[in-house]
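Participant:
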Amino acid sequence: MSNPNESSRNVQYDPLPLTNDDHNPTSLYNAPPSPDPHATFYTPSSNLNDLPPDEFAIPPGAAQPRFLGAALYNNGSGTPARDSIASSNNTLGAGSEYTSSVYALNDSGIRSPLSQEFQGTYRDDPSAVQMSPVGASRYLEEKRAAYTAPRSKSRRKALILAVLAALILLIVAVVIPIYFTVIKPQSNNSSGAQHDPHNSASPSQSGQGGVPTQVAIVTGGDGSVITMEDGTTFTYSNKFGGQWYFDPNDPFNNGARAQSWTPALNETFNYGVDKIRGVNIGGWLNTEPVCLSVLLLGFKLSDDQTSLCNTPALYEPFVNAANSAVDEWTLSQNLAAQGKLEEVLENHYKTFITEQDFAEIAGAGLNFIRIPLPYWAIEVRKDEPFLPKVSWKYFLKAIQWARKYGLRINLDLHSLPGSQNGWNHSGRLGQVNFLNGPMGYANAQRSLDYIRILAEFVSQPQYRDVVTIFGIVNEPQGGFMGHNNLGSFYVEAYRLIRRASGIGAGKGPYISIHDGFSPRATWNDFIPNGDRIAIDSHPYLCFGPQSNAPISTYATAPCENWGQVVNNSMGAFGLTTAGEFSNAVTDCGLYLNGVNLGTRYEGTYPGTTAVVGDCKVWTEWQKYDQKTKDAIKQFSMASMDALQHYFFWTWKIGNSSASGKVETPMWSYKLGLDNGWMPLDPREAEGICGNTNPWTPPLKSWQTGGAGAGNVPAGSTDNYPWPPANINNGGPVNNLPAYTPTGPVPTLPPPTFTAASGATATPTIDAGNGWNNPADQDGLYVEIPGCTYLDPWVGPDAAPPQPLCPAGGAAGGARRSLKRASKPLNTPSP
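Here UniProt numbering is used: position 94 in the sequence shown is 94, and no number is missing along the way.
(1) Within 8 angstroms, do at least three Cβ pairs link the region 611-619 to the region 693-707?
(2) Note down, one range per segment and in chain order, each beta strand (DSSP E) of at least 3 residues found wholly within the region 642-726.
(3) Comparing C-alpha positions only, which one of Asp718, Phe647, Asn567, Arg683 sits nearest to Pro694?
(4) When you compare only the Cα positions, how much space is there between Ser659 and Asp766?
(5) Just verifying my parser: in three-state terms, what is the DSSP assignment at Asn561?
(6) Beta-carbon separation of Thr650 and Trp667 under 8 angstroms?
(7) Which one or two residues does DSSP pair with Phe470 in a beta bridge?
(8) Using DSSP with H/G/I as helix, E/B as strand and the rest coil, what is Phe480?
(9) Quick check on Ile160: buried or exposed, where buried means 16 or more other Cβ atoms within 10 Å of its Cβ?
(10) Whole angstroms are fine: how far does the CA of Ile399 sit from the CA of Met228?
(11) With distance defined between alpha-carbon atoms, name the residue in Ile281, His645, Asn484, Thr664 nearest to Thr522.
(12) Skipping 5 residues on each side, what residues in its chain have a beta carbon closer than 6 angstroms to that of Asn726?
(13) Using DSSP with H/G/I as helix, E/B as strand and the rest coil, what is Ser547?
(14) What did DSSP end up calling Ala811 once you bin it into helix, strand or coil?
(15) According to DSSP, simplified to helix, strand and coil, what is Leu416?
(16) Of the choices Glu343, Asn711, Ile451, whose alpha-carbon is the least far from that of Asp412?
(17) Look at the Cβ atom of Arg498, then the Cβ atom of Asp531, and state whether they are nearer than 8 angstroms.
(18) Mapping DSSP to helix, strand and coil, what is Thr742?
(19) With a CB to CB cut of under 8 angstroms and the five nearest residues on each side skipped, what residues in its chain are close to Pro737?
(20) Considering only their Cβ atoms, is the gap separating Val279 from Leu366 smaller than 8 angstroms?
(21) With three or more C-beta pairs closer than 8 angstroms as the rule, is the region 742-756 touching the region 421-431?
(22) Please name the residue, chosen from Asn286, Gly706, Tyr739, Ala256, that lies closest to Lys507 on a Cα-to-Cα basis.
(23) In angstroms, rounded to a whole number, what distance separates the CA positions of Leu435 and Asn691?
(24) Are Phe581 and Ser518 touching if we call contact CB-CB under 8 angstroms?
(25) Using the DSSP secondary-structure output, state which residues sit across from Tyr349 in a beta bridge.
(26) Look at Thr752 and Gly770 and say whether their C-beta atoms are less than 8 angstroms apart.
(27) Would Asn583 and Ile653 qualify as a contact pair, given that the criterion is a beta-carbon distance under 8 angstroms?
(28) Buried or exposed, going by whether 16 or more other CB atoms sit within 10 Å of the CB of Pro606?
(29) Quick check: the Cα distance between Tyr349 and Glu560, rounded to an integer number of angstroms?
(30) Can you give the beta carbon distance from Ile371 to Leu454, rounded, assuming they're within the 8 angstroms contact cut?
(31) Between the C-alpha atoms of Ile369 and Asn254, what's the straight-line distance to the nearest angstrom?
(32) If we count the other Cβ atoms within 10 Å of its Cβ and call it buried at 16 or more, is Pro792 buried or exposed?
(33) Would you mind sorting Gly231 into buried or exposed? The rule is 16 or more other CB atoms within 10 Å of its CB.
(34) Indicate whether Ala685 and Asp641 have their beta-carbon atoms separated by less than 8 angstroms.
(35) Whole angstroms is fine: what's the gap from Glu288's alpha carbon to Gly715's?
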């Protein structure tokens, strides 16, 4: 058993040395660890290995070491078409990395011969003959010339000709607008040329009885006007050839393309070649202490609260409460006590991120989004105070918006029952109860159920081309649960996901596993020949020893320290991503370390005393001069080039309710775009590191779902049995509380669609039933009647209940038959 007064140890992120300079002659240092919840001291590490061993404790109440924006922001490669649930009208040619004019990182010797971008042309007329002007008809003029009426024609014949001319004019007046607004744009779209509808007002066409009806515009490019579901509009800005597509009567059409160089959703994304240029949407569906508009919440703060600039408004009303809100658990308790839990959180979901954000992400040249999702999007149990199921409704909106703008999603399961790391973003700040302590096994069983339920949903043909990566656990503290036990959980999760989706390219998502704060190399050859597995690391460098060296001294550090490690992992393991990184080189920022924990830089963080400097130098972004902005941009692009496949943390940060501005500028991609320190085109990063040791694609065939995928050699995962024999700080698994798979499964509901104004929804739209593999009939893990269970969040120091279950009878028999029947890893699902 661990010491009850001992908290989670520190974990180490990737090292990143500073370039030596006059201000800091000994600036080469190891990347600092993440802070832990309850430790009382902090000691820097000098080990320069990929990820040094855990050695440190951290101050009480420390949260996950990075800011989450959970607040209202005030302010032609010819890749083969992938089978889609719906038809596509978008057949624009698309280039891979090889066709990009700024392609630099990959080996030029294997470039595709398709070295140019799409060269489609645009025509205003359908033929070589000039069109007649509106109100005239060439056919009519020819007819008049051939049949000239004599002067003596009767008034009756003149009247007939006048009526005929009027009829022709009427036809021209109707047909020409239809041609220019409907037929021509669709023709251009199918031929590869972009069209540019400048508003979403529908052109008219003849309906029943000749009455004009409205025809909705369902696709467009740069400059088109988008009307959102609340009726507000914005202009779509995408200078990179992106094409949006959404037809409410064909809602699963995958014809949208984020940029000309990114494969459309109904085309194959060539992992390892096509670059993942992504951004997190942090703090949206999985909240953390951040700034949110007070007016949005309807709370009035007292004068002393308003003066607390470093208190996020979502949590701010409860800062001085007896149960201070430091995580979503305590926030939910406080909101529920006021009867405002659903009102406040749903308003946050509705307003912090909207469709316009997805459009702007595509317009920023990014092609992937990583969306943190909590387990309570599915269900809660017992006294867990979280708002259940509502965030799922907004994740469905995210899928729809991503589909509309051609973005792919990395679904990140950000929190697990009992907490996988003890940090506030896991739902509850405190101790690790996942694969650790007496409830560690039972919590892992629940977690596997939630992974399975999500995998069944996103593997359906309606969603698998949009949700293409599934990060199954965010930042588990492997040091608490043990590498092998974490690996055993990953192997079992892999089995469940592949049973849900099937094996092979296009069948369900890539499975992304976090490194557990171990060096990437420790995961090499994990599940050999496993079908489409990716490894995720989060290289942060701002949470250790601080330096007042200018940002310019970090210009090449990512290249020198990250590039080779990523290359090695791409070759030995497979797809390697940086699920999170930022521009921060110090821990300055509003609540970056947690609620009221201060900063190391200013010596106010618990356990630190040395003052390095004033954080205003880093946080007052309005005062950045051009040299500073250029240096931040250089560091950002060096990070992108070195990490190769990445997700910046995060897209946007909420304004402080006191200062009215972003207080954590180095973490906001959008703020950097708007103010000049993020690249307007992320392809600018290609070659920043000098292209001295580039990754040479492709990935191995089985790593992309090709030949050999899923043919895991017998015995290769014997070191990772499920369940493991022992649980850290718990003892033998047979002596611990466990669930039995006999409960009803809470299948996730699909979205519903509303027909466009003036139209009738197609009655045959199939949104799926939430379950891809009907042969998967196992029940949900639930309590065994008669057995004894502890609170899932009890902590690792509690003693297991004795006895667990009655010695005989139904409970005893159920306790002896806990495990689902495992299937070989190389067996495809039925």
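The C-beta atom is built at its ideal place from N, Cα and C for all residues, glycine as well.
Since this is a predicted model, take the numbers as computed values, not measurements.
Facilitator: If we stick to the structure as given:
(1) no
(2) 646-648
(3) As a first step, residue 694 must be located in the sequence shown, where it is residue number 694. Answer by Cα proximity: Asn567.
(4) Here residue 659 refers to the residue found at position 659 when the sequence shown is read from its first residue. Here residue 766 refers to the residue found at position 766 when the sequence shown is read from its first residue. One C-alpha to the other measures close to 48 angstroms.
(5) Taking the sequence shown and counting its residues from 1, the one referred to as residue 561 is at position 561. Helix at Asn561.
(6) Counting from 1 along the sequence shown, the entry for residue 650 is found at position 650. Counting from 1 along the sequence shown, the entry for residue 667 is found at position 667. Their beta carbons are under 8 angstroms apart, which means Thr650 touches Trp667 by this criterion.
(7) Along the sequence shown, one-based indexing puts residue 470 at 470. Answer by DSSP bridge pairing, in chain order: Leu411, Ile511.
(8) The residue given as residue 480 occupies position 480 in the sequence shown. Helix at Phe480.
(9) Here residue 160 corresponds to residue number 160 of the sequence shown, with the count starting at 1. So Ile160 counts as exposed.
(10) Taking the first residue of the sequence shown as 1, we reach residue 228 at position 228. Taking the first residue of the sequence shown as 1, we reach residue 399 at position 399. When rounded, the distance between both Cα atoms is 15 angstroms.
(11) As a position in the sequence shown, residue 522 is number 522, starting the count at 1. Minimum Cα distance to Thr522 is reached at Asn484.
(12) Sequence index remark: in the sequence shown, residue 726 carries index 726 (1-based). Hits under 6 angstroms: Pro732.
(13) Stepping through the sequence shown from its first residue, residue 547 is reached at position 547. Note: Ser547 maps to coil in three-state DSSP.
(14) Numbered from its first residue, the sequence shown carries residue 811 at position 811. Helix, per DSSP.
(15) As a first step, residue 416 is located in the sequence shown; it is residue number 416 there, counting from the start. Three-state result, Leu416: coil.
(16) Sequence index remark: in the sequence shown, residue 412 carries index 412 (1-based). Per the Cα distances, Ile451.
(17) In the sequence shown, counting from the first residue as 1, residue 498 sits at position 498. In the sequence shown, counting from the first residue as 1, residue 531 sits at position 531. Yes, the pair counts as a contact, with Cβ atoms nearer than the cut-off.
(18) Indexing the sequence shown from 1 puts residue 742 at position 742. Looking at Thr742 - three-state DSSP - the assignment turns out to be strand.
(19) For the purposes of this step, residue 737 is taken as the residue at position 737 of the sequence shown. Once the five neighbours on either side are set aside, the close Cβ partners of Pro737 are Pro438, Met439, Tyr441, Ala442, Cys787, Thr788, Tyr789, Leu790, Pro800, Pro801, Leu804.
(20) Position 366 of the sequence shown, counted from the first residue, corresponds to residue 366. Position 279 of the sequence shown, counted from the first residue, corresponds to residue 279. Going by C-beta atoms, Leu366 is nearer than 8 angstroms to Val279.
(21) no
(22) For this step, residue 507 is matched to residue 507 along the sequence shown. Cα-wise, what sits closest to Lys507 is Gly706.
(23) Here residue 435 is taken as the residue at index 435 of the sequence shown, counted from 1. Here residue 691 is taken as the residue at index 691 of the sequence shown, counted from 1. In a straight line, the C-alpha of Leu435 is about 42 angstroms away from that of Asn691.
(24) What you label residue 581 is simply residue 581 of the sequence shown in a count that begins at 1. What you label residue 518 is simply residue 518 of the sequence shown in a count that begins at 1. For Phe581 and Ser518, no; Cβs fall outside 8 angstroms.
(25) Here residue 349 is taken as the residue at index 349 of the sequence shown, counted from 1. Looking at the DSSP assignment, Tyr349 forms no beta bridge with any residue, so it has no partner.
(26) For the purposes of this step, residue 752 is identified with residue 752 of the sequence shown, where counting begins at 1. For the purposes of this step, residue 770 is identified with residue 770 of the sequence shown, where counting begins at 1. The answer is no: Cβ separation not under 8 angstroms.
(27) Here residue 583 corresponds to residue number 583 of the sequence shown, with the count starting at 1. Here residue 653 corresponds to residue number 653 of the sequence shown, with the count starting at 1. No. Outside cutoff.
(28) Taking the first residue of the sequence shown as position 1, residue 606 is located at position 606. Per the 10 Å Cβ criterion, buried.
(29) Position 349 of the sequence shown, counted from the start, is the residue given in the question as residue 349. Position 560 of the sequence shown, counted from the start, is the residue given in the question as residue 560. Approximately 40 angstroms between the Cα atoms of the pair.
(30) Counting from one through the sequence shown, the residue named residue 371 turns up at place 371. Counting from one through the sequence shown, the residue named residue 454 turns up at place 454. Not confirmed; about 12 angstroms, so no contact.
(31) Translated into the one-based positions of the sequence shown, residue 369 becomes position 369. Translated into the one-based positions of the sequence shown, residue 254 becomes position 254. Approximately 17 angstroms between the Cα atoms of the pair.
(32) Reading the sequence shown from its first residue, position 792 is the one you call residue 792. Result: buried.
(33) Working through the sequence shown from its first residue, we reach residue 231 at position 231. Gly231 comes out exposed.
(34) As a position in the sequence shown, residue 685 is number 685, starting the count at 1. As a position in the sequence shown, residue 641 is number 641, starting the count at 1. It is a contact, given that the beta carbons lie within the stated cut-off.
(35) Working through the sequence shown from its first residue, we reach residue 288 at position 288. Working through the sequence shown from its first residue, we reach residue 715 at position 715. Glu288 and Gly715: Cα-Cα distance of roughly 42 angstroms.
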